[in-house]
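Working notes, structure below.
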(Lines of atoms letter the chains of each structure in order from A and count residues from 1; the text may use other names and numbers.)
(Lines give C-alpha, C1' and ligand atoms only; values in the text may rest on other atoms or scores of the structure.)
Protein backbone atom coordinates (compact mmCIF):
# COMPACT_ATOMS: atom_id res chain seq x y z
CA UNK A 1 0.00 0.00 0.00
CA UNK A 2 1.36 3.43 -0.96
CA UNK A 3 1.17 6.73 0.86
CA UNK A 4 -2.25 8.07 1.80
CA UNK A 5 -3.89 10.20 -0.91
CA UNK A 6 -3.83 13.47 1.03
CA UNK A 7 -1.84 16.64 1.59
CA UNK A 8 -0.47 17.43 5.05
CA UNK A 9 -1.77 20.97 4.55
CA UNK A 10 -3.42 22.98 1.77
CA UNK A 11 -3.65 26.73 1.48
CA UNK A 12 -6.41 28.45 -0.49
CA UNK A 13 -6.27 32.23 -0.36
CA UNK A 14 -6.24 33.30 3.28
CA UNK A 15 -7.20 29.83 4.56
CA UNK A 16 -4.95 26.91 5.49
CA UNK A 17 -6.36 23.44 6.11
CA UNK A 18 -4.15 21.11 8.14
CA UNK A 19 -4.82 17.38 7.86
CA UNK A 20 -4.99 15.20 10.95
CA UNK A 21 -1.68 15.06 12.79
CA UNK A 22 -0.61 12.25 15.10
CA UNK A 23 2.23 11.79 17.59
CA UNK A 24 4.80 10.66 15.03
CA UNK A 25 7.88 12.73 14.20
CA UNK A 26 7.61 13.34 10.44
CA UNK A 27 11.39 13.41 9.98
CA UNK A 28 12.30 10.21 11.81
CA UNK A 29 8.99 8.36 11.57
CA UNK A 30 9.31 7.53 15.29
CA UNK A 31 6.44 7.60 17.74
CA UNK A 32 6.97 10.50 20.17
CA UNK A 33 6.22 8.37 23.23
CA UNK A 34 3.61 6.07 24.71
CA UNK A 35 1.83 8.71 26.83
CA UNK A 36 -0.73 11.38 25.93
CA UNK A 37 1.55 14.26 27.00
CA UNK A 38 4.41 13.42 24.63
CA UNK A 39 2.08 12.50 21.78
CA UNK A 40 0.02 15.69 22.18
CA UNK A 41 3.21 17.77 22.15
CA UNK A 42 4.34 16.06 18.92
CA UNK A 43 0.91 16.53 17.34
CA UNK A 44 1.02 20.24 18.10
CA UNK A 45 4.64 20.59 16.95
CA UNK A 46 3.63 18.93 13.66
CA UNK A 47 0.66 21.29 13.37
CA UNK A 48 2.80 24.33 14.22
CA UNK A 49 5.37 23.40 11.56
CA UNK A 50 2.69 23.07 8.90
CA UNK A 51 0.96 26.30 9.92
CA UNK A 52 4.26 28.19 9.85
CA UNK A 53 5.23 26.62 6.51
CA UNK A 54 1.92 28.02 5.22
CA UNK A 55 3.02 31.52 6.26
CA UNK A 56 0.80 31.70 9.34
CA UNK A 57 1.19 31.27 13.11
CA UNK A 58 -0.65 29.33 15.79
CA UNK A 59 -2.48 32.59 16.61
CA UNK A 60 -4.09 32.27 13.16
CA UNK A 61 -5.60 28.86 13.95
CA UNK A 62 -9.36 29.38 14.03
CA UNK A 63 -10.63 25.80 14.50
CA UNK A 64 -9.10 22.61 15.89
CA UNK A 65 -10.61 19.14 15.82
CA UNK A 66 -9.31 16.92 18.63
CA UNK A 67 -9.74 13.16 18.40
CA UNK A 68 -8.52 11.33 21.52
CA UNK A 69 -8.65 7.57 21.89
CA UNK A 70 -9.26 7.71 25.67
CA UNK A 71 -11.47 10.36 27.26
CA UNK A 72 -9.58 9.88 30.54
CA UNK A 73 -6.57 11.55 28.85
CA UNK A 74 -8.45 14.82 28.29
CA UNK A 75 -6.98 16.83 31.19
CA UNK A 76 -3.38 15.91 30.36
CA UNK A 77 -3.94 16.57 26.65
CA UNK A 78 -5.62 19.89 27.42
CA UNK A 79 -2.70 21.01 29.61
CA UNK A 80 -0.25 20.56 26.71
CA UNK A 81 -2.72 22.11 24.25
CA UNK A 82 -2.87 25.25 26.44
CA UNK A 83 0.91 25.73 25.94
CA UNK A 84 0.37 26.30 22.20
CA UNK A 85 -2.58 28.71 22.16
CA UNK A 86 -3.32 32.11 23.70
CA UNK A 87 -6.58 34.05 24.01
CA UNK A 88 -8.62 34.55 22.01
CA UNK A 89 -8.60 30.78 21.68
CA UNK A 90 -9.57 28.87 18.56
CA UNK A 91 -12.92 27.18 18.32
CA UNK A 92 -12.60 23.44 18.82
CA UNK A 93 -14.45 20.17 19.07
CA UNK A 94 -13.38 16.97 20.82
CA UNK A 95 -14.67 13.61 19.61
CA UNK A 96 -13.46 10.22 20.86
CA UNK A 97 -12.30 7.81 18.17
CA UNK A 98 -10.27 4.67 17.50
CA UNK A 99 -7.17 5.21 15.36
CA UNK A 100 -5.76 2.69 12.88
CA UNK A 101 -2.58 2.20 14.96
CA UNK A 102 -3.20 1.14 18.58
CA UNK A 103 -0.07 3.01 19.74
CA UNK A 104 -1.57 6.36 18.71
CA UNK A 105 -3.48 8.19 21.44
CA UNK A 106 -4.68 11.42 19.78
CA UNK A 107 -5.10 13.06 16.39
CA UNK A 108 -5.82 16.74 15.65
CA UNK A 109 -6.64 18.73 12.53
CA UNK A 110 -6.93 22.48 12.09
CA UNK A 111 -8.11 25.38 9.99
CA UNK A 112 -6.04 28.55 10.08
CA UNK A 113 -6.82 31.85 8.40
CA UNK A 114 -4.70 34.86 7.59
CA UNK A 115 -5.81 37.79 9.72
CA UNK A 116 -7.60 40.56 7.90
CA UNK A 117 -6.32 44.12 8.30
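In my numbering, the protein residues as written are 1243 to 1359. Quick reminder that beta carbons are idealized off the backbone N, C-alpha and C, glycines included. All values derive from a computational prediction rather than experimental measurement.
In the assembly as shown, residue 1269 is an exposed residue. Its beta-carbon has fewer than 16 other beta-carbons within 10 Å.
With respect to residue 1347, residue 1311 sits close: the two C-beta atoms are nearer than 8 Å.
Looking from the CA of residue 1303, the closest CA among 1255, 1338, 1326 and 1340 belongs to 1326. Taking a 10 Å sphere around the C-beta of residue 1337, we find fewer than 16 other C-beta atoms and assign the residue as exposed. In the DSSP annotation of this structure, the continuous segment of the beta strand (DSSP E) that includes residue 1263 starts and ends at 1257-1263.
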